[in-house]
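A.B. asks:
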Amino acid sequence: MQGTFDTTLEFAQRKDREDELEKFRSRFYFPRKPAAPSEDAIYFCGNSLGLQPKDVESAIRQELKDWQDLGVGGYMQAQNPWLTYQEPFRKPLSRLTGALEEELTVMNALTVNLHLLLLSFYHPDTARYKIIMEAGAFPSDQYAVESQVKWHGFSPEDAIIEVSPREGEKLLREEDILSAIDKHRDNLALVLFGGINYYTGQLFDIAAITTAAHKAGAFAGFDLAHVVGNVPLQLHDSDVDFAVWCSYKYLNGGPGAVGGAYVHERYAHNRDHIRLGGWWGNEEATRFKMEKGFIPKPTASGWNLSTNQVFNMTALKASLRLFDEAGMERLRAKSMELTNYLSFLLQQLPNLRFDIITPIDPAKRGAQLSLYFKEQGKAIHQKMIEAGIIVDYREPGVIRVAPAPLYNSFEDVHRFYHILALFQ
Ligand SMILES: *Cc1c(COP(=O)(O)O)cnc(C)c1O
224 MQGTFDTTLE FAQRKDREDE LEKFRSRFYF PRKPAAPSED AIYFCGNSLG LQPKDVESAI
284 RQELKDWQDL GVGGYMQAQN PWLTYQEPFR KPLSRLTGAL EEELTVMNAL TVNLHLLLLS
344 FYHPDTARYK IIMEAGAFPS DQYAVESQVK WHGFSPEDAI IEVSPREGEK LLREEDILSA
404 IDKHRDNLAL VLFGGINYYT GQLFDIAAIT TAAHKAGAFA GFDLAHVVGN VPLQLHDSDV
464 DFAVWCSYKY LNGGPGAVGG AYVHERYAHN RDHIRLGGWW GNEEATRFKM EKGFIPKPTA
524 SGWNLSTNQV FNMTALKASL RLFDEAGMER LRAKSMELTN YLSFLLQQLP NLRFDIITPI
584 DPAKRGAQLS LYFKEQGKAI HQKMIEAGII VDYREPGVIR VAPAPLYNSF EDVHRFYHIL
644 ALFQ
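Numbered according to the working numbering, the sequence shown spans residues 224 to 647.
#1: Take N440 as the anchor and find which of V414, H459, D460, H449 has the nearest alpha-carbon.
#2: According to the neighbour-count rule (16 or more other Cβ atoms, all chains shown, within 10 Å of its Cβ), is S566 buried or exposed?
#3: Three-state secondary structure (DSSP) at Q425?
#4: Can you look up S470 in the DSSP assignment and give me helix, strand or coil?
#5: Quick check: the region 480 to 490 against the region 278 to 291, are at least 3 beta-carbon pairs closer than 8 Å?
#6: Is DSSP giving V368 helix, strand or coil here?
#7: Alpha carbon to alpha carbon, how far is T349 from L543? Give it in angstroms, no decimals.
#8: Considering only residues of the same chain and omitting the five flanking positions on each side of K540, which have a CB-CB separation below 8 Å?
#9: Report the three-state DSSP secondary structure of I642 (helix, strand or coil).
#10: Go ahead and label K246 buried or exposed: buried means 16 or more other beta carbons lie within 10 angstroms of its beta carbon, across all protein chains shown.
#11: Candidates N331, D242, E560, T320: which alpha carbon is nearest Q532's?
#12: In whole angstroms, give me the CA-to-CA distance for L342 and W503.
#13: Please list, in chain order, all residues of the same chain as E369 whose beta carbon is under 8 Å from its beta carbon, the five residues on each side excluded.
#14: What's the gap between the Cα of S317 and the Cα of L323?
#15: Ends of the alpha helix (DSSP H) at V279?
#16: Beta-carbon within less than 6 Å of T537's beta-carbon, same chain only, minus the 5 sequence neighbours each way: which residues are those?
#17: Should W374 go down as buried or exposed, given a rule of 16 or more other Cβ atoms within 10 Å for buried?
#18: Can you check the region 318 to 377 for any alpha helix (DSSP H) of at least 4 residues that lies completely inside it and give the ranges in chain order?
#19: May I have a chain-ordered list of the beta strand (DSSP E) segments no shorter than 3 residues that lie completely inside the region 454 to 521?
#20: Taking 8 Å as the threshold (beta carbon to beta carbon), is L594 in contact with chain B?
#21: Would you mind stating whether Q425 and L395 have Cβ atoms separated by less than 8 Å?
#22: Helix, strand or coil: how does DSSP classify K597 here?
#23: Buried or exposed: where does A523 fall if 16 or more other Cβ atoms within 10 Å of its Cβ makes it buried?
#24: Apart from the five residues on each side of it in sequence, which residues of its chain come closer than 7 Å, Cβ to Cβ, to K238?
#25: With a Cβ-Cβ cutoff of 8 Å, do A202 and F253 count as a contact?
#26: So does L272 have its beta carbon nearer than 7 Å to some heavy atom of ligand 1?
#27: Under the criterion of a Cβ to heavy atom distance below 7 Å, does H689 qualify as lining ligand 1?
#28: Tell me whether the region 597 to 606 and the region 254 to 263 touch, counting them as touching only if at least three CB pairs, one residue from each stretch, are closer than 8 Å.
#29: Relative to the alpha-carbon of N453, which residue among E241, P585, L645 has its alpha-carbon at the smallest distance?
#30: Judging by CA-CA distance, which residue of Q599, R588, E560 is the nearest neighbour of F577?
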């Protein structure tokens with residue numbers, strides 16, 4: 224890789240001129256540098272909260288106007304009828320996730336959806352009750368699994384198997400994940416993995432984990448918070464049973480935006496598959512008869528519970544249009560190049576002591592690189608913030624740097640490098 228990049232600003236500017244996605248940058252608002260309010264900050268935090276597309280404001284205005292003009296009539300007559308507001312999300316999401324449209328829905332938020340789908344896919348008995356997850360999974364996932372295990376009367380110490388990196392290593396080895404699944408095959412109920420680990424940035428082999436889980440007689444579920452909108456997925460072809468994600472990271476849906484969920488069609492089509500019911504998951508034809516008897520829709524929307532939270536969904540709708548225009552394959556190609564370039568420039572910095580713990584192989588990561596500082600990580604993060612670089616810090620010792628290909632440029636990466644090169 225090193226031969227293909229150089230450290231000059233001209234190189235970065237040439238890459239931007241050649242980039243057919245460069246025009247999308249101007250369709251986002253950038254925060255400003257605190258010390259120089261006329262300058263855009265360097266924003267590499269799209270893995271935590273994506274930036275606001277400029278179209279969001281008019282999309283929200285439209286809903287406000289329809290509410291003003293139509294009141295309750297907006298459920299049927301709004302430009303985007305609120306009754307079925309979740310439906311148009313399926314098509315763009317199917318292109319990002321490789322799922323069939325009927326396997327997808329939007330509702331609630333990530334952790335809520337994880338609990339709902341655990342209730343559909345984790346039915347432990349004394350023979351099969353174990354859950355395999357990655358050690359160091361996102362805390363909310365750990366809390367969700369721990370509390371579900373207890374809910375069913377099992378003990379987390381016994382029921383939860385964590386796969387850890389080997390002594391002295393930071394990443395999980397694929398073969399260790401697969402052998403743990405095989406080892407516990409007699410008692411295994413579920414394999415629940417993050418698609419990309421939020422701390423290390425490691426991308427897991429979703430298809431291989433799913434195949435191994437199924438071979439062991441267990442379900443395979445994934446938390447794709449760091450994957451959707453970052454790395455293309457083939458959820459249906461990978462035969463994944465269920466998945467959940469949030470929409471405020473790479474998807475730019477705004478703080479607390481509606482979450483997403485995928486349920487494989489063999490369950491989505493099965494009205495008898497067990498779940499918690501609510502009227503928004505019920506067939507529309509009978510929903511307003513107000514009668515007894517829950518008849519779920521024969522799609523992933525059969526897991527919806529409550530009236531669409533329209534204002535929580537609108538920004539995502541506007542953002543997904545940009546993903547459709549840009550195309551996930553082109554975004555991923557740019558993302559690999561951008562993060563490879565970042566990795567190259569970081570390795571030219573003689574004065575900062577850190578390890579890039581994220582896999583070097585771009586096929587095993589998304590946009591994010593995790594820089595591990597044995598010491599001073601927090602202080603260096605503070606210096607970055609003061610210099611107008613927006614990245615985040617995660618204990619212990621990691622600064623996460625994630626250029627988002629929809630709005631970040633090669634020049635952003637160069638500016639970042641240039642500022643770090645001045646740090647002592
Ligand atoms: C961001 C993130 C979450 C957040 O969950 P919410 O319910 O949206 O607050 C959960 N899991 C992972 C892996 C995440 O990265």
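A virtual CB, placed ideally from N, CA and C, is assigned to each residue, including glycine. Computed from a prediction, not measured in an experiment: that's the story for all the values here.
C.D. replies: On the basis of the coordinates in this document:
#1: Within the sequence shown, numbered from 1, the residue matching residue 440 stands at position 217. Residue identity differs from the one stated: residue 440 is Gly in this sequence, not Asn. The option with the nearest alpha carbon to G440 is V414.
#2: Mapped onto the sequence shown, residue 566 falls at position 343. Buried.
#3: The residue you call residue 425 lines up with position 202 of the sequence shown. Strand at Q425.
#4: Stepping through the sequence shown from its first residue, residue 470 is reached at position 247. S470 carries a coil assignment under DSSP once its states are collapsed to helix, strand and coil.
#5: no
#6: Stepping through the sequence shown from its first residue, residue 368 is reached at position 145. Helix, per DSSP.
#7: Here residue 543 refers to the residue found at position 320 when the sequence shown is read from its first residue. Here residue 349 refers to the residue found at position 126 when the sequence shown is read from its first residue. Rounded to whole angstroms, L543 to T349 spans 44 Å at the Cα level.
#8: Translated into positions along the sequence shown, residue 540 becomes position 317. For K540, where only same-chain residues beyond five positions count, the Cβ hits under 8 Å are A282, N303, P311, F312.
#9: Counting from one through the sequence shown, the residue named residue 642 turns up at place 419. Residue state, collapsed to three classes: helix.
#10: For the purposes of this step, residue 246 is taken as residue 23 along the sequence shown, with counting starting at 1. Label assigned to K246: exposed.
#11: The count along the sequence shown starts at 1 and reaches residue 532 at position 309. Looking at the Cα atoms, N331 is the closest of the given residues.
#12: Translated into positions along the sequence shown, residue 342 becomes position 119. Translated into positions along the sequence shown, residue 503 becomes position 280. Each residue's alpha carbon lies about 18 Å from the other.
#13: Looking up residue 369 in the sequence shown gives position 146. Closer than 8 Å at Cβ, skipping near neighbours: P379, I383.
#14: One-based indexing of the sequence shown puts residue 317 at position 94. One-based indexing of the sequence shown puts residue 323 at position 100. Straight-line spacing of the CA atoms in S317 and L323 works out to 6 Å.
#15: Here residue 279 refers to the residue found at position 56 of the sequence shown. Run containing V279: 279 to 293, per the alpha helix (DSSP H) assignment.
#16: As a position in the sequence shown, residue 537 is number 314, starting the count at 1. Taken in chain order, the residues that qualify are A282, I283, E286.
#17: Against the sequence shown, residue 374 aligns to sequence position 151. So W374 counts as exposed.
#18: DSSP runs (the alpha helix (DSSP H)) wholly in the region 318 to 377: 333 to 344, 362 to 374.
#19: 465 to 468, 482 to 486
#20: No chain B appears in this structure, which consists of one protein chain only.
#21: As a working mapping, residue 425 is identified with position 202 in the sequence shown. As a working mapping, residue 395 is identified with position 172 in the sequence shown. The answer is yes: Cβ separation under 8 Å.
#22: Locating residue 597 in the sequence shown gives position 374, where the first residue counts as 1. Here DSSP, grouped into helix, strand and coil, assigns K597 to coil.
#23: Reading the sequence shown from its first residue, position 300 is the one you call residue 523. Label assigned to A523: buried.
#24: As a working note, residue 238 is residue 15 in the sequence shown. Closer than 7 Å at Cβ, skipping near neighbours: F633.
#25: Look at the range of the chain in this structure, 224 to 647, and you will see that residue 202 is not part of it.
#26: Within the sequence shown, the letter at position 49 stands for residue 272. Result no, Cβ not under 7 Å from ligand 1.
#27: Since the first and last residues shown for the chain are 224 and 647, residue 689 lies out of range.
#28: No: fewer than three Cβ pairs fall under 8 Å.
#29: By one-based count along the sequence shown, residue 453 stands at place 230. If we check each option's Cα against that of N453, P585 comes out closest.
#30: On the sequence shown, position 354 is the one that residue 577 refers to. Ranking the options by Cα distance to F577, first place goes to Q599.
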